[in-house]
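Have a look at the structure below before the remarks.
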Amino acid sequence: MTQNLKSVQEYFDDAGPTDVTALFADWKALVDRLSAKVQQRFELERDASTLELEAFTSENGPSGSVRGYSGPEIDWMIHSHMENAAAGFVNVHLTIWLGPQVRVPHFGMALGAFPQGWLFLDSVPRSNLLVDTESFDAYYAPLNDEWERIQAENDWLQPFVSRSAFVRASLSPTAYCMMGPGDRRTTDLVTDLAERHLDRWLGWVDEAQPVPVEEQAALAAQDELVRRNIAERDPANEMGDRFFGPEMTQQLVRALWGGDRQLPRPHQR
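One rule links them: number in this note's numbering = place in the sequence shown (from 1) + 173.
Structural data, given as structure tokens:
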């Protein structure tokens, strides 16, 4: 596997216009299917702050959708996409931030193209894993062999290493953050990884021990701060500025972390 420290913007600009409509369709279908599975498992309500983001467009072609949900077990779930597929850019999200009733890692997934296929898939930590070895042993150590195998057996993959130190700090030790050609090899591998990880994550939630009530407010506050920092410090927000302008991009960023939310958080219900 080779490594190239280029930003999303640089990959996109260097490639020139490349139609990735077919890859966008594959990514969106996968995320739609996973989102439907999550909504079958959890009681979720659409947050009214995202209704106006159901469909948004820009004059020069880009479009998108952001749907935010919350419920008794889920603090904030985002099912979204932003695309200018005809020009070579796609970003599709499914991020699920649990309420503080359990300490299971959050589910983080983003699929993209700029114009090569891109995957981020992670179990977003709720604690310092160098201290919280119980969480490390439960949720990360068992995934390490598979993580190593995926890197070793697929030499057509390329790691995506962000130039942002903050982004690198946000990744768990078993995060997938990689690029591949926008063909069936990539979509098949990503589909398999994503579907199995969601099933595993749902199992973690079902088996989790409850967090004491007196500890839940602090955990919820930490979760929201992590979510906000990740959304606001994402260097790829520059692509939003480019396609939709700074004002719309700031609204989209707030939607990603729940800055305009109207529904109560799980521990406040």
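Don't be surprised by glycine CBs; every beta carbon is placed ideally from N, CA and C.
Quick one: give me the first and last residue of the beta strand (DSSP E) that N257 is part of. Run containing N257: I247 to N257, per the beta strand (DSSP E) assignment.
Measuring from the CB of Y242, is there a heavy atom of the ligand MG at a distance below 7 Å? No copy of the ligand MG appears in this structure; indeed no ligand is present at all.
Can you tell me which of the three DSSP states T191 falls into? coil
Pairwise C-alpha distance: L294 and V384: The alpha-carbon atoms of V384 and L294 are separated by roughly 25 Å.
Given that a residue counts as buried once 16 or more other Cβ atoms are within 10 Å of its Cβ, and exposed if not, what is Q389? buried
Cα separation between I269 and Y312? 16 Å
Whose C-beta lies closer than 8 Å to the C-beta of E183 among residues of the same chain, with five residues either side of it excluded? none
I'd like to know whether the C-beta atoms of V121 and G244 end up nearer to each other than 8 Å. Past the boundaries of the shown model lies residue 121; the chain is included only from 174 to 442, so the question cannot be answered.
Assess contact between the region 270–284 and the region 184–191, defined as three or more Cβ pairs (one per stretch) separated by less than 8 Å. Is contact present? With the cut-off at 8 Å, the region 270–284 and the region 184–191 do not touch.
Count the CB pairs spanning the region 359–375 and the region 273–282 that are closer than 8 Å, and state whether there are at least three. Contact between the region 359–375 and the region 273–282 is present, because at least three Cβ pairs lie under 8 Å.
Hey, out of L366, L362 and P332, whose CA is closest to C350's CA? P332
On the criterion of 16 or more Cβ atoms from any shown chain inside 10 Å, does R434 qualify as buried, or is it exposed? A residue is called buried once 16 or more other Cβ atoms fall within 10 Å of its Cβ, and R434 is buried on that count.
What's the C-alpha gap between F339 and R406? 8 Å
Beta-carbon proximity list for S296, same chain, < 6 Å, skipping 5 on both sides: P278, Y312 and S345
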